[in-house]
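Trainee: Protein chains in written order, with the numbering used here: chain A, 4 to 113; chain B, 106 to 221.
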Amino acid sequence: KNQVEQSPQSLIILEGKNCTLQCNYTVSPFSNLRWYKQDTGRGPVSLTIMTFSENTKSNGRYTATLDADTKQSSLHITASQLSDSASYICVVSEEYKLSFGAGTTVTVRA
Amino acid sequence: KAGVTQTPRYLIKTRGQQVTLSCSPISGHRSVSWYQQTPGQGLQFLFEYFSETQRNKGNFPGRFSGRQFSNSRSEMNVSTLELGDSALYLCASSLAPGPGNNYGYTFGSGTRLTVV
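1. Is B:G189 helix, strand or coil by DSSP?
2. Which residues bound the beta strand (DSSP E) around A:S96?
3. I'd like to check one pair, B:L218 with B:L116: are the Cβ atoms closer than 8 Å?
4. Residues of chain B with CB under 9 Å from A:A67, in chain order?
5. Return helix, strand or coil for A:S86, following the three-state DSSP convention.
6. What residue from A:S13, A:F33 and A:A71 has the CA that sits closest to A:L101's CA?
7. So for A:K100, helix, strand or coil by DSSP?
8. Would you report the Cα separation of A:A113 and A:L85, rounded to the nearest angstrom?
9. Classify B:E157 as buried or exposed, calling it buried when 16 or more other Cβ atoms lie within 10 Å of its own Cβ.
10. Buried or exposed: which applies to B:L188, given that a residue is buried once 16 or more other Cβ atoms fall within 10 Å of its Cβ?
11. Within the continuous beta strand (DSSP E) that includes B:F150, where are the two ends?
12. Identify, in the order they occur along the chain, each residue of the same chain with its Cβ nearer than 6 Å to the Cβ of A:S10, setting aside the five sequence neighbours on each side.
13. Hey, B:N182 and B:G171: beta-carbon distance below 8 Å or not?
Written out as structure tokens, the structure is:
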């Protein structure tokens, strides 16, 4: 069973709307949690990285939250743009291992 | 500054052949890690090199190997290719080794390998 579960698997939103992606993990002990954006055919690009002591981290219109007690993280996209169409991957780090979520595919429609 | 460069971008090989992929990290980054990405399995960790030494290894067969040179450039080799090896192979560089480091990873655009 994957130690990092993301939901939903995919979603479609209208340009200008907000959306929230979820990441639940069972990895322990936990070093940090990262969110990446991956455009089709390209490598992932880092959006945020949070340690267990951080609750919120923002990068422009992207805001990630982390609840280390419940082992949940979310990525909120504000005022979505067409360029936000991509796969968003949650990655949880232990000291010697990375665990990847399967990703959420976001499609932004005009 | 230049990002992580992977070559070639696309590759088509026949079953049974071998292939070598190259990754040049960001200047100053000494850690290079490799990943396989497929639609069915998602991203999977292959191995990580730091200062020419393999630091971590994922659960892949011995057909997958790598090395790192003194200038931090890394190569990945896959021998006796199988159809299931068709994937996007990504490398990432970082200032420090180990997934637990908080410096973050910068990924290249990947090499798309198709095995026919």
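A virtual CB, placed ideally from N, CA and C, is assigned to each residue, including glycine.
Please read all numbers here as calculations on a predicted model, not as lab measurements.
Mentor: So, from the data block:
1. Translated into positions along the second sequence, residue 189 of chain B becomes position 84. In the three-state scheme derived from DSSP, where H, G and I count as helix and E and B as strand, B:G189 is classed as helix.
2. Taking the first residue of the first sequence as position 1, residue 96 of chain A is located at position 93. If you look at A:S96, you'll find it in the beta strand (DSSP E) that goes A89 to S96.
3. Within the second sequence, numbered from 1, the residue matching residue 116 of chain B stands at position 11. Within the second sequence, numbered from 1, the residue matching residue 218 of chain B stands at position 113. Here B:L116 is near B:L218, since their CB atoms are less than 8 Å apart.
4. Residue numbering aside, residue 67 of chain A sits at position 64 when the first sequence is read from its first letter. Chain B residues near A:A67: none, gap ~13 Å exceeds 9 Å.
5. Here the question's residue 86 of chain A lines up with position 83 in the first sequence. Here A:S86 sits in helix by DSSP.
6. One-based indexing of the first sequence puts residue 101 of chain A at position 98. Of the listed residues, the one whose Cα sits closest to A:L101 is A:F33.
7. Residue numbering aside, residue 100 of chain A sits at position 97 when the first sequence is read from its first letter. Collapsing the DSSP output to three states places A:K100 in coil.
8. Here residue 113 of chain A corresponds to residue number 110 of the first sequence, with the count starting at 1. Here residue 85 of chain A corresponds to residue number 82 of the first sequence, with the count starting at 1. Our two residues, A:A113 and A:L85, have alpha carbons roughly 7 Å apart in a direct line.
9. As a first step, residue 157 of chain B must be located in the second sequence, where it is residue number 52. B:E157 counts as exposed, since fewer than 16 other beta carbons sit within 10 angstroms of its beta carbon.
10. Position 83 of the second sequence holds residue 188 of chain B. Taking all protein chains shown into account, B:L188 has fewer than 16 neighbouring C-beta atoms within 10 Å of its C-beta and is therefore exposed.
11. Looking up residue 150 of chain B in the second sequence gives position 45. From DSSP, the beta strand (DSSP E) with B:F150 extends over G147 to F155.
12. Residue mapping note: residue 10 of chain A aligns to position 7 of the first sequence, counting from 1. Around A:S10: Q25.
13. Walking along the second sequence from the start, residue 182 of chain B turns up at place 77. Walking along the second sequence from the start, residue 171 of chain B turns up at place 66. Against a cut-off of 8 Å, the Cβ pair of B:G171 and B:N182 comes out as a contact.
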